[in-house]
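Residue numbers -5 to 291, in our numbering, belong to the letters of the sequence shown in order.
Glycine included, every Cβ here is placed at the ideal spot set by N, Cα and C.
All figures in this text were calculated on a predicted structure; none of them were measured in a lab.
A short write-up of the structure that comes next.
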Amino acid sequence: MNDKTKGIVLGIIGESGYGTNPLFTLPLYSAGMSSNDVLFYRYLFAIILYGLWTTFYKKVSLKITFKEACFLLPLGLIFATSSLTLFISYRYMDAGIASTLLFVYPIMVAVIMTVFFKEKMTMSTVLAIVLTSAGVWLLYNGKGDEKLDMTGIILIFFSALSYALYMIGIKKLPALQNMNDAKLTFYVMTFGGLLFVGQALTEGGISPIGTPFNLGCLICLAIFPTIVALETLTISIRLIGPTIAAILGAFEPLTALVIGVCVFNEQMTPRIVCGILLILGAVTGVVVAEEKSKAEA
-5 MNDKTKGIVL GIIGESGYGT NPLFTLPLYS AGMSSNDVLF YRYLFAIILY
45 GLWTTFYKKV SLKITFKEAC FLLPLGLIFA TSSLTLFISY RYMDAGIAST
95 LLFVYPIMVA VIMTVFFKEK MTMSTVLAIV LTSAGVWLLY NGKGDEKLDM
145 TGIILIFFSA LSYALYMIGI KKLPALQNMN DAKLTFYVMT FGGLLFVGQA
195 LTEGGISPIG TPFNLGCLIC LAIFPTIVAL ETLTISIRLI GPTIAAILGA
245 FEPLTALVIG VCVFNEQMTP RIVCGILLIL GAVTGVVVAE EKSKAEA
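As structure tokens, this is what we get:
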């Protein structure tokens, strides 16, 4: 498997990992935990588990220089800002609308990479962005009468921009280019977690976990949509670049949809099937284009 193909596969795994969020989050909300509680425990457990895994299994030193810390701290906070503003936006608009609007971030990545880093925008990339955006829009199965709150729209804009800047930072920040993937992932989680700690403490503190079932859901949240998703996406961005990795982000709502149908008995409609086919077609086109460019190189 060449680096391009590996990057695409890891990107799909990472974004699919993010898509498992509802599977473990919704039961916690039903149990009475707030979004602040969930985010706090999710990142706390992720930092502990990944720190132990990285140190004792991978044998990776977590020592960093002051210069590296100066880049890692804002990168982690930018990543956390994306999650936090998305969660806050749910207070102002339907979660389905918010998640759909969030998918402007591949366009932001493509524009920033083209304007500031002179990345060549190919027709296949433009077509993939259009098709995946249309596919994500079709996946949203709203009632059509929801209102768009301006505060929510602004929050979603900052969430998308933060995520776009995070993806670009992984690839372009010079001080991090040679850093081990595991170390980079660990510090993004650690520094990003500081924001969730501050948010939780300023909004009434943290509730106890409660039941062993809640603990299990929190540990799964720490592993699948956090540790697995972050590390695989980090490697993917380094291998294929932030623009293509952003396009693969369509697998997040796609995975969430499949979980909704299989686990929460949500309805599968022809519109949703069309959305799935558009996303899969766009990603297939990206893979074919990447293989063709490699063969011509």
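Please go through the stretch 62 to 126 and give each complete alpha helix (DSSP H) segment of 4 or more residues, from N-terminal end onward.
89 to 95, 99 to 111
Return the residue from the list R265, A250, P264 that minimises the CA-CA distance to F258.
A250
Rounded to whole angstroms, what's the CA-CA distance from V109 to K61? Just pull it up for me.
27 Å
Check whether the stretch 47 to 57 and the stretch 231 to 250 are in contact - that is, three or more C-beta pairs closer than 8 Å.
no
Excluding five sequence neighbours on each side, which residues of the same chain lie with their C-beta closer than 7 Å to the C-beta of V255?
M262
Which residue from G1, I72, F34, I123 puts its Cα closest to that of A276?
I123
Say the cut is 7 Å; is the CB of D31 nearer than that to a heavy atom of the ligand FMN?
Summarising the ligand content, the structure contains no ligands, and the ligand FMN is consequently not present.
M87 versus S55: straight-line alpha-carbon distance, rounded:
43 Å
Would you check if there are 3 or more beta carbon pairs closer than 8 Å linking the stretch 176 to 190 to the stretch 65 to 72?
yes
If you scan the stretch 167 to 227 from start to end, which runs of the alpha helix (DSSP H) of 4 or more residues do you find wholly inside it?
175 to 196, 206 to 216
Is DSSP giving N259 helix, strand or coil here?
coil
Collapsed DSSP secondary structure at I156 in the structure displayed:
It should be noted that the sequence gives Ser, not Ile, for residue 156. It is helical.
CA-to-CA distance, I200 to L188, given in whole angstroms:
14 Å
So, do the stretch 9 to 20 and the stretch 204 to 224 have three or more beta carbon pairs nearer to each other than 8 Å?
yes
Does the pairing of the stretch 193 to 213 with the stretch 118 to 134 give three or more beta-carbon distances under 8 Å?
no
Is the Cβ-Cβ distance between I234 and K(-2) less than 8 Å?
yes
Give me, in chain order, the residues of the same chain whose beta-carbon lies closer than 6 Å to that of I82; leave out the 5 immediate sequence neighbours on both sides.
L149
Among residues of its own chain, excluding the 5 on either side of G1, which ones have a beta-carbon nearer than 6 Å to its beta-carbon?
S230, L233, I234
Residue environment, S77, which counts as buried when at least 16 other CB atoms sit within 10 Å:
buried
Opening and closing residue of the alpha helix (DSSP H) in which N29 lies
In the sequence as presented, Asn is not what sits at residue 29; that position holds Ser. It spans 29 to 46 - the alpha helix (DSSP H) in which S29 sits, taken as one unbroken run.
Would the beta-carbon of I213 fall within 8 Å of that of F65?
no
Along the chain, where does the alpha helix (DSSP H) containing V3 start, and where does it finish?
-3 to 12
Cα-Cα separation, P16 to L80
14 Å
Taking the alpha helix (DSSP H) that F18 falls in, what are its first and last residues?
15 to 24
Minimum C-alpha distance to W131 - residue among V98, G163, Y160:
V98
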